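Okay, structure first, notes after.
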Amino acid sequence: MLVNAKEEIVRTRTEILLKDYDCCKCEKCVEDMMALALNSLAPAYVSTHKGELFKRIDSTILQNSTDIDIEVIKAIETVSAKPMH
957 MLVNAKEEIV RTRTEILLKD YDCCKCEKCV EDMMALALNS LAPAYVSTHK
1007 GELFKRIDST ILQNSTDIDI EVIKAIETVS AKPMH
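Taken in order, the sequence shown gives residues 957 to 1041; the numbers are from the working numbering.
This is the structure in structure tokens:
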């Protein structure tokens, strides 16, 4: 299976960072936030089988977590300002 390793990181960081925001947290808004953040980041595809994703994530992805947080925060603020529902 081929996956973008950043997707799971963005999902986790979105859940954590959203706790600091008083905004809509419905599934549609959260998915819009994640899509916006992921489209702003370079993908990091890895091949994985049955739960081995985190074993395969390169340490440089985790080192770039500040960049990921910045993009997630921008996405939260953008979607919160104009939710699509």
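Every residue gets a Cβ at the ideal spot worked out from N, C-alpha and C, and that includes glycine.
None of the values given here were measured: they were computed from a predicted structure.
Residues sharing a beta bridge with residue i, DSSP
i            : result
residue 1003 : 958
Sequence-distant residues of the same chain with beta carbon closer than 6 Å to residue i, five excluded per side
i           : result
residue 979 : 1036
residue 999 : 960
Spatially closest choice to residue i from the options, by CA coordinates
i            : options               : result
residue 994  : 983, 1025, 976        : 1025
residue 992  : 1030, 1038, 1040      : 1030
residue 1001 : 1022, 1040, 963       : 963
residue 1022 : 1034, 1033, 965       : 965
residue 957  : 1032, 1038, 973, 1003 : 1003
Buried or exposed by the 16-neighbour rule on C-beta atoms within 10 Å, applied to residue i
i           : result
residue 971 : exposed
Chain-order list of residues whose beta-carbon lies under 8 Å from that of residue i (same chain, five-residue window excluded)
i            : result
residue 967  : 990
residue 1040 : 984, 985, 988
Residues of its chain near residue i, where Cβ-Cβ distance is below 7 Å and the 5 sequence neighbours each way are ignored
i            : result
residue 1027 : 993, 996, 997
residue 969  : 1024, 1025, 1028
Whether residue i touches residue j by CB criterion (7 Å)
i           : j           : result
residue 981 : residue 974 : yes
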